[in-house]
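Numbering-wise, the sequence shown is residues 1 to 375 according to full-length UniProt numbering.
For glycine and all other residues, C-beta sits at the position ideal for the given N, C-alpha and C.
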Amino acid sequence: MAGQKQQSLTHITPFLVFFLVHSMQIGVGVFGFQRYIAMDAEYNAWIAVIMVGALLHIPIWMIYKMMLRDDGVRDVVDIHRHYFGRWIGGLLSYAFLVYFLFMGITVLRTYVEVVQIWMFPTLMTWPVTLIIILIIVYGIYHGFRVVAGIAFLGVVLPFALILTAISPLEFANFHRLLPIEFHLGDQLAAMKTMTLSYIGFEALAFYFPFIQDPKKSQKWAHLGNVLTIFIYFLVTIVTFLFYSRQHLERVVYPTLSSWKVLELPFIERFEYIGIAIWLLVITPNVMISLWTVSRGMKKLLHTKQKYTLFFAAGALFLFSISFQTRESIDRLNSYVSEAGFYIIFCYIPVLFIVTSMIRRFRKNDRSKSGQSANL
Numbered sequence: 001m002a003g004q005k006q007q008s009l010t011h012i013t014p015f016l017v018f019f020l021v022h023s024m025q026i027g028v029g030v031f032g033f034q035r036y037i038a039m040d041a042e043y044n045a046w047i048a049v050i051m052v053g054a055l056l057h058i059p060i061w062m063i064y065k066m067m068l069r070d071d072g073v074r075d076v077v078d079i080h081r082h083y084f085g086r087w088i089g090g091l092l093s094y095a096f097l098v099y100f101l102f103m104g105i106t107v108l109r110t111y112v113e114v115v116q117i118w119m120f121p122t123l124m125t126w127p128v129t130l131i132i133i134l135i136i137v138y139g140i141y142h143g144f145r146v147v148a149g150i151a152f153l154g155v156v157l158p159f160a161l162i163l164t165a166i167s168p169l170e171f172a173n174f175h176r177l178l179p180i181e182f183h184l185g186d187q188l189a190a191m192k193t194m195t196l197s198y199i200g201f202e203a204l205a206f207y208f209p210f211i212q213d214p215k216k217s218q219k220w221a222h223l224g225n226v227l228t229i230f231i232y233f234l235v236t237i238v239t240f241l242f243y244s245r246q247h248l249e250r251v252v253y254p255t256l257s258s259w260k261v262l263e264l265p266f267i268e269r270f271e272y273i274g275i276a277i278w279l280l281v282i283t284p285n286v287m288i289s290l291w292t293v294s295r296g297m298k299k300l301l302h303t304k305q306k307y308t309l310f311f312a313a314g315a316l317f318l319f320s321i322s323f324q325t326r327e328s329i330d331r332l333n334s335y336v337s338e339a340g341f342y343i344i345f346c347y348i349p350v351l352f353i354v355t356s357m358i359r360r361f362r363k364n365d366r367s368k369s370g371q372s373a374n375l
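Structure (structure tokens):
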């Protein structure tokens, strides 16, 4: 009874996995992904949006299969150590943590850039970055349940902004989606570009031990991904109907620019409100990334998480303020997107297959040893 009470204080209900998965996938990418995928597959790129989202159900399923095995592993750090040993497993885990650190850097720095471009052109990078990081550290310091609660609020409170996404349909031209064509090479390129907008759900492999009754949470993880697919598909279609191809090529942030057509009697520039509210969306994104890094370092270094949290937060701050130009931020987004593509569609499947084979070989060896002992 005492163990169940302690678990209720540190663990989350399966339902909250829906918000954790979805909040990691929706971030700053929604501001401008349409322009980049249109460069790859033109206005047929909406097909790639659906294809990437649908394929993501496979690595989500693989993560659950690996975590629910009866070999005593609790998260991806344990998997690396259990199957590959201390040194190789440790290197793989550190590579994962670096990936999540730069994922947080990408989201935070891109959001600050949006604030600088659209709202305060003379705003220095470090003050607003420091304030956001301090808020995030404060939340993480009070435990994973707080992180999950922020993810819940980050999905529910800004959800009304989805309604604003359809406002440009007043000026829609449905002929822009025709003709519908499918060229595999173009779609694969668009899928790779689209990956940055979908990455983040891999954090599931780190916070899995904090889920009460993990088996019941699997459907919520898949549903969180389904909601992400719907939102990106809706935003993509509305953008393609609103912008001509020539116009879209010149717009860096199509979603923000489309908010300009929204007219309210009490708000002159709605995009300012949208950017401010979007802070609620990117906060759980960065918070979960930073929590993942600090949690992983805690297990690898066998120290308290508060120390690794402060170290990771310092690294997040220093790296974030080091990217000052549009070109460097754009390269950062490209590198993280490419890394995410290979982790999701290459590393996780390979890890699943290799660990399954090792597990089978070990079971066969144990069964043979048992038979020899009986003889």
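Beyond the five residues adjoining it in sequence on each side, F319 comes within less than 6 Å, by CB distance, of I105 in the same chain, given in chain order. By the 16-neighbour rule on beta-carbons within 10 angstroms, S217 is buried.
In this structure Q25 is buried. Its beta-carbon is surrounded by 16 or more other beta-carbon atoms within 10 angstroms.
Check the Cα spacing between S23 and each of R250, I131, L223 and A315: the tightest is with L223.
In terms of Cα proximity to L316, the closest of R81, P265, R245 and W291 is W291.
Sequence-distant Cβ neighbours of M119 in its own chain, meaning closer than 7 Å and more than five residues away, are Y272 and I275. Counting only residues of its own chain and dropping the five nearest sequence neighbours on each side, L169 has a CB closer than 7 Å to the CB of V238 and L241. Relative to the Cα of T122, the nearest Cα in the group A339, A189 and Q324 belongs to Q324. By the beta-carbon neighbour count (other beta carbons within 10 angstroms, threshold 16), I37 is buried.
Contact check for L280 against L153 passes: the beta carbons are separated by less than 8 Å. Contact between Y342 and L177 does not hold, since their C-beta atoms are separated by about 31 Å, which reaches or exceeds 8 Å.
Going by DSSP, D40 is part of the alpha helix (DSSP H) stretching over F33 to A41. Taking a 10 Å sphere around the C-beta of G27, we find 16 or more other C-beta atoms and assign the residue as buried. The segment 159-175 and the segment 295-306 do not touch, with fewer than three beta-carbon pairs separated by less than 8 Å. Bounds of the alpha helix (DSSP H) holding E327 are R326 to Y342. The beta carbons of H82 and D75 sit no closer together than 8 Å. When the five nearest sequence neighbours on each side are left out, no beta carbon in the same chain lies closer than 8 Å to the beta carbon of W87.
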